[in-house]
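Protein sequences, first through last, are from chains A and B.
Counted the way my numbering counts, the first sequence spans residues 21 to 334.
Counted the way my numbering counts, the second sequence spans residues 410 to 899.
Cβ coordinates follow ideal geometry from the N, Cα and C atoms, glycine included.
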Amino acid sequence: MLARVANNLFWMGRYIERSEHTARYLNVNYFSSLDAPNEVSQSRQFVLRSMLNMVGDPVSNPNTHLDEKEVLHNISLNQNNYYSIIASVKHARENANSARDLISTELYEAINKSYHFVLNYPSDFLTEKGLYDFTVNINEMMAVLKTKIKGTLLQDEIYAIIMMGVTLERAIQIIRIINAKYDDALEAKDEHSAVTNSFEWITLLKCAESYDMMRRHYKKTPNNINTLEFLILNPNCPRSVMNSLNELYHHIQLLDQNKYHNKDSTSFLVGKIRAEYEFKVIEEISDQLKDFVENILNQLISISTKMENEYFNY
Amino acid sequence: MSTNTNTTHPIFSSYERKEGFFDEIFDEKGNPKEIYKKLFEIYGGHSIEDFINLNNKARASFFNQGITFQVYGDNQVKEKIFPFDLFPRIIHPSEWEIIEKGAIQRSKALNLFLHDIYHDKKIIKQGIVPAEMISSSENYLHQMMDLDPPGGIYNHVSGTDLIKHSDGKYYVLEDNIRCPSGVSYVVCNRTALKRALFGVFNHYKAHTVTNYAENLLEMMESVKPHGVDIPNCVVLTPGIYNSAYYEHSYLAKAMGVELVEGRDLFVENNFVYMKTITGPERVDVIYRRIDDQFIDPFEFKSDSSLGVPGLFSVYKQGNVCLVNAPGTGVADDKAIYTYMPDIIKYYLDEEPILNNVHTYHCSRPDELKYVLENIDKLVVKPVDEAGGYGVTIGNRLTKEEIKNVQEQIKASPRKYIAQPIMSLSLHATYIDDSKSFEPRHIDLRTFTLLGKDTEFVLKGGLTRVALQKGNLIVNSSQGGGSKDTWVLKK
């Protein structure tokens, strides 16, 4: 398999996953804020800031007034904006294009369909009444793509590389979502409610499509501790960071067939990071969430860099 | 003058036969010809609504599969579907036999011609082809002199463009032996037609077209470098923004070989390697879909980033085979085309099987004079432009435009040739605006493979349609469409 094409497929996986999380974040935050229990959480400005924070374009000046249509357009359909959904879908398709000979026709056609859907979505309609329709469609289309990846590709090194991209991006996006919602929870707290304010934690769980399962697991109202534990450390929650690390480890094994790992390999690095979180307790994290976020993001980026050096850079 | 066809079928109601052209479907009385009778009956049985429906389905299938090409406009690149017509073209086995033999004859003659002009140049020494035809050609590569390509083949893949004139005979308009494209559309057209109207195949026994890729691979393996046991073959593409990228990826997928870009390859110790996730892997045969000037910045265009630095020197050593060989463009030049009958006779001692269109060379003073005086009766073509660009058709020009063309030719006569206006045959084509079938001009591109001791002509081909009424230029960049083409079994 060509190194360049491997790199493209890795990024195809990342862009597919990224589109999905961005779309879901917009959807859940916007619609749950409409009848939020406290004034801050209900404020449109608060929600728009949270969205920009999550996509990595935070507004630092508290006095800046944000235009709703502009923000929604920028995050969804502005082609010139690197973090927009349309840019991600476009990149996913471009990367798929360069590997058309390797992936299945079914997967390619599904990517192509999603691309034309986003490309033809009218921006005016989106910002006025289409936000729900658009984000739900993106979510479903990306789910279809992942089914096609799992259901139609040969489970060889090509598959492993795509799945490395998907799971690495999932972990990164979940952490970004946790980080953004943690900031929201801090900001929304007033004298009547603590950081443990359940509303923002419920929104966070819904952003990760994990609310129902979290309730089933703990049978308790979400607070900061149980929510973070579920989304970071629970290996059975399919959206948790721990689950992603396990998946990463599984897929790197498909790629790297050596029994005894070179200490300088991606495989070794993934195993090491995974081992660190496997035996952590949530109290070590929840006290210094900001440090954790910074640390794990750096670790995930180091995996990406290592892969680049080991596989994509001949 | 035009006459309607003898039909009551609603979707053929606006079909007006045109005098002076060969109609593929209807005879002079307006009755469908024998070979089309059954097909005509089946298609005529559809209501207009049915047909619109089928047509839209076929279109959506092309679009979702991403079978599109790009058109370069002023500022932006647009993605378009290659328009596909649901009414197939049928070629009788006896007619096909001539086309097939003729295409092989031309490919072989061109191969011998290329070998000669890059070695002893006998044909020039004997005065059959003038020396300046070669020396003044931009596509002549002095680097190819005395070089022997693996297997002795230059034009491995040829695309021959044919038309049927008003006399009912096939004429070759052009030989394409650089990087002829279109074969993937032959396969897609067949797939689309099968999906939309599978029932028609019960009445006709057409040859398959899906065997092209396996024959291409076999041909590539036959020209492996000396000393290689099982050659590693690849397809080299300029990248995803190239207008024929779909075809490149289709061919690689259908052959099961890697699709590489120039940056995936590198040269070391006189061999070519590709960069894979597990390290370098040697490459032996490259089907390159990149023009000569871009294949190696060391030897040709130095600012090309599409090619592979040092590739040509490996080729020269015989350690890699390039398909087609560099420098073939000198022989598919429109000026050389006019010598094809002589070239065939000279090398093969045979009469040409396929007709050539009579051509006037503006480089010859007496012929130049005739051309300048008769522009309204001629098609004037630049000798080195591809894709139908720069072609003028005399009987559609205003007086002022004729003057302009005259000036252009006078400024550089070597650049132009002229031919009588050929009457491309007509075929029933579904037209959106009128929601019915109308006659449109068509041509045919056949695909021939030439390897070491192997030859193959794809039984089928790309029938291109000029979708605008009366238009004679069928290229996709000029708004052309295409039809599935059936070569019937004997």
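Exercise. Under 7 Å between beta-carbons, which chain B residues line up against Met21(A)? List them in chain order, please.
Key: Numbered from its first residue, the first sequence carries residue 21(A) at position 1. What Met21(A) touches in chain B: Thr685, Ile686.
Exercise. Within 10 angstroms of the Cβ of Arg773(B), are there 16 or more other Cβ atoms? Answer buried if so, exposed if not.
Key: Locating residue 773(B) in the second sequence gives position 364, counting from the first residue. By the C-beta density criterion, Arg773(B) is exposed, having fewer than 16 other C-beta atoms within 10 angstroms.
Exercise. Give the straight-line distance between the Cα atoms of Tyr141(A) and Glu160(A), rounded to the nearest whole angstrom.
Key: Translated into positions along the first sequence, residue 141(A) becomes position 121. Translated into positions along the first sequence, residue 160(A) becomes position 140. The alpha-carbon atoms of Tyr141(A) and Glu160(A) are separated by roughly 16 Å.
Exercise. Give the DSSP bridge partners of Tyr580(B), in chain order.
Key: Position 171 of the second sequence holds residue 580(B). Here Tyr580(B) is bridged, per DSSP, to Ile572(B), Asn764(B).
Quiz item: Is the beta carbon of Ser843(B) sitting closer than 7 Å to the one on Ser423(B)?
Solution: If you number the second sequence from 1, residue 843(B) lands on position 434. If you number the second sequence from 1, residue 423(B) lands on position 14. With respect to Ser423(B), Ser843(B) sits close: the two C-beta atoms are nearer than 7 Å.
Quiz item: How many Å lie between Ile198(A) and Glu40(A) at the Cα?
Solution: On the first sequence, position 178 is the one that residue 198(A) refers to. On the first sequence, position 20 is the one that residue 40(A) refers to. Roughly 16 Å separates the two Cα atoms.
Quiz item: If you check the beta carbons only, do Ile182(A) and Leu29(A) fall under 7 Å apart?
Solution: Locating residue 182(A) in the first sequence gives position 162, counting from the first residue. Locating residue 29(A) in the first sequence gives position 9, counting from the first residue. Taking a C-beta distance under 7 Å as the contact criterion, Ile182(A) and Leu29(A) qualify as a contact pair.
Quiz item: How would you list, in chain order, the residues of chain B whose beta-carbon sits under 7 Å from the beta-carbon of Ser118(A)?
Solution: Taking the first residue of the first sequence as position 1, residue 118(A) is located at position 98. Those within 7 Å of Ser118(A) in chain B are Ile649.
Quiz item: Which of the three DSSP states, helix, strand or coil, is assigned to Val215(A)?
Solution: Numbered from its first residue, the first sequence carries residue 215(A) at position 195. Only weak support is given to the placement of Val215(A): the predicted model assigns it a pLDDT of 49, under 50, and the value that follows is read from those uncertain coordinates. Of the three classes helix, strand and coil, the one that applies to Val215(A) here is coil, per DSSP.
Quiz item: Under three-state DSSP, which class holds Asp701(B)?
Solution: Position 292 of the second sequence, counting from 1, holds the residue named residue 701(B). Helix.
Exercise. Closer than 7 Å by beta-carbon distance: list the chain A residues that pair up with Arg672(B), in chain order.
Key: Along the second sequence, read from residue 1 onward, the residue named residue 672(B) stands at position 263. Those are Arg24, listed as they occur along chain A.
Practice problem: Pick out whichever of Tyr579(B), Thr807(B), Phe430(B), Ser546(B) has its Cα sitting closest to the Cα of Glu504(B). | Solution: For the purposes of this step, residue 504(B) is taken as the residue at position 95 of the second sequence. Here the closest residue by C-alpha is Tyr579(B).
Quiz item: Does the segment 602 to 614 of chain B touch the segment 869 to 880 of chain B, meaning 3 or more C-beta pairs lie closer than 8 Å?
Solution: Two segments are said to touch when three or more pairs of C-beta atoms, one from each, lie closer than 8 Å; by this definition the segment 869 to 880 of chain B does not touch the segment 602 to 614 of chain B.
Quiz item: Val138(A) and Ile106(A): beta carbons closer than 7 Å?
Solution: One-based indexing of the first sequence puts residue 138(A) at position 118. One-based indexing of the first sequence puts residue 106(A) at position 86. Yes, the pair counts as a contact, with Cβ atoms nearer than the cut-off.
Practice problem: Pull out every residue of the segment 572 to 606 of chain B whose Cβ sits closer than 9 Å to any Cβ of chain C, in chain order. | Solution: As a matter of chain content, chain C is missing from the structure shown, whose protein chains are A and B.
Practice problem: Ignore the nearest five residues each way along the sequence and tell me which others in Val792(B)'s own chain have a CB closer than 8 Å to its CB. | Solution: Working through the second sequence from its first residue, we reach residue 792(B) at position 383. Counting only Cβ-Cβ distances below 8 Å, and skipping sequence neighbours, we find Asp742, Lys743, Ala744, Arg823, Lys824, Tyr825, Ile826.
Quiz item: Which partner residues does Gly860(B) have in the DSSP bridge list?
Solution: Against the second sequence, residue 860(B) aligns to sequence position 451. Residue pairing by DSSP places Gly860(B) opposite Thr863(B) in a beta bridge.
Quiz item: With a cut-off of 7 Å, does the C-beta of Ala469(B) fall near any C-beta of chain A?
Solution: Translated into positions along the second sequence, residue 469(B) becomes position 60. With 7 Å as the cut-off, Ala469(B) does not count as an interface residue toward chain A.
Self-check item: DSSP three-state assignment for Arg120(A), whether helix, strand or coil
Solution: For this step, residue 120(A) is matched to residue 100 along the first sequence. Reduced to three states, the DSSP call for Arg120(A) is coil.
Quiz item: So which residues on chain B does Lys133(A) lean against when the C-beta distance must stay under 8 Å?
Solution: Reading the first sequence from its first residue, position 113 is the one you call residue 133(A). Going along chain B in sequence order, the residues near Lys133(A) (Cβ under 8 Å) are Asn473.
Quiz item: Cα-Cα, which of His657(B), Leu859(B), Lys534(B), His574(B) is closest to Arg698(B)?
Solution: Numbered from its first residue, the second sequence carries residue 698(B) at position 289. Of the listed residues, the one whose Cα sits closest to Arg698(B) is His657(B).
Exercise. Report yes or no: do three or more beta-carbon pairs, one from the segment 223 to 233 of chain A and one from the segment 265 to 272 of chain A, lie closer than 8 Å?
Key: Counting C-beta pairs closer than 8 Å gives fewer than three between the segment 223 to 233 of chain A and the segment 265 to 272 of chain A, which falls short of the contact rule.
Quiz item: When the Cβ atoms of the segment 557 to 569 of chain B are set against those of the segment 513 to 531 of chain B, are three or more pairs found closer than 8 Å?
Solution: Short answer: they touch.
Quiz item: For Ser845(B), does the three-state DSSP call read helix, strand or coil?
Solution: Taking the second sequence and counting its residues from 1, one reaches residue 845(B) at position 436. Shown here, Ser845(B) sits in a strand according to DSSP, grouped into three states.
Quiz item: Skipping 5 residues on each side, what residues in its chain have a beta carbon closer than 8 Å to that of Pro589(B)?
Solution: As a working mapping, residue 589(B) is identified with position 180 in the second sequence. Contacts found: Val566, Ser567, Gly568, Arg854, Phe856.
Quiz prompt | Residue span of the alpha helix (DSSP H) that contains Gln175(A), given as start and end | solution = Your numbering for residue 175(A) matches position 155 in the first sequence. Where Gln175(A) is concerned, there is no enclosing alpha helix (DSSP H), given that its DSSP letter is neither H nor E.
Self-check item: Rounded C-alpha distance that separates Leu550(B) from Val732(B)
Solution: Looking up residue 550(B) in the second sequence gives position 141. Looking up residue 732(B) in the second sequence gives position 323. Roughly 16 Å separates the two Cα atoms.
Exercise. On a CA-only basis, which of Asn100(A), Phe66(A), Ser287(A), Ser80(A) is nearest Glu88(A)? Give me that one, please.
Key: Within the first sequence, the letter at position 68 stands for residue 88(A). Closest option to Glu88(A), Cα to Cα, is Phe66(A).
Practice problem: Between the Cα of His524(B) and those of Ile543(B), Asp555(B), Phe496(B), Ile507(B), spot the shortest distance and give me the residue it belongs to. | Solution: Position 115 of the second sequence, counting from 1, holds the residue named residue 524(B). Nearest C-alpha to His524(B): Asp555(B).
Practice problem: For Asp121(A), return the contacting residues in chain B, with the cut-off set at a CB-CB distance below 7 Å. | Solution: Here residue 121(A) is taken as the residue at index 101 of the first sequence, counted from 1. Ordered by position in chain B, the residues that pass the 7 Å Cβ test against Asp121(A) are Ser658, Ala661, Lys662, Leu668.
Quiz item: From the beta carbon of Pro761(B), is the nearest beta carbon of chain A less than 7 Å away?
Solution: Residue numbering aside, residue 761(B) sits at position 352 when the second sequence is read from its first letter. Taking 7 Å as the CB threshold, Pro761(B) stays off the interface with chain A.
Exercise. Let me know the secondary structure DSSP gives His270(A) once reduced to three states.
Key: Your numbering for residue 270(A) matches position 250 in the first sequence. Helix.
Quiz item: Counting pairs of beta carbons, one from the segment 662 to 673 of chain B and one from the segment 709 to 729 of chain B, are three or more of them closer than 8 Å?
Solution: Segment contact: the segment 662 to 673 of chain B against the segment 709 to 729 of chain B, three or more CB-CB distances shorter than 8 Å; contact assigned.
Self-check item: Endpoints, the alpha helix (DSSP H) within which Gly688(B) is located
Solution: What you label residue 688(B) is simply residue 279 of the second sequence in a count that begins at 1. From DSSP, Gly688(B) is part of no alpha helix (DSSP H) but of the beta strand (DSSP E) over 688 to 692.
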